[in-house]
């Protein structure tokens with residue numbers, strides 16, 4: 001084919017982006033990746049500001065079993081194991 005003549009449906013080589021297997025171009029993929037990452041970070045910030053977690057670190061670590069966040073099932077299982085011995 002001569003330079004300057006194009007068939008119907010052909011595009012300029014400079015405008016064609018290499019597409020990924022899903023048929024999405026790299027610029028579109030990068031835009032979507034950036035948008036989803038920014039949305040994730042913004043959502044994490046909103047949740048962090050809403051719940052306001054206690055980020056203070058105690059000087060002396062608590063003894064095992066003193067934390068309220070530990071599972072009660074673990075304590076019960078340990079106590080049952082000690083009682084059976």
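In my numbering, the protein residues as written are 1 to 85.
Just so it is clear, CB atoms sit at the ideal spot from N, CA and C, and this is done for glycine as well.
For this session: Locate the alpha helix (DSSP H) running through residue 36, then write down its first and last residues.
Result: Working through the chain shown from its first residue, we reach residue 36 at position 36. Residue 36 -> alpha helix (DSSP H) spans 26–51.
Problem set entry | For residue 40 and residue 29, believed in contact at Cβ under 8 angstroms, the rounded distance | Here residue 29 corresponds to residue number 29 of the chain shown, with the count starting at 1. Here residue 40 corresponds to residue number 40 of the chain shown, with the count starting at 1. About 16 angstroms separates the two Cβ atoms, so there is no contact after all.
Problem set entry | Rounded separation between residue 49 and residue 57 - CA only | On the chain shown, position 49 is the one that residue 49 refers to. On the chain shown, position 57 is the one that residue 57 refers to. Cα to Cα, residue 49 sits roughly 19 angstroms from residue 57.
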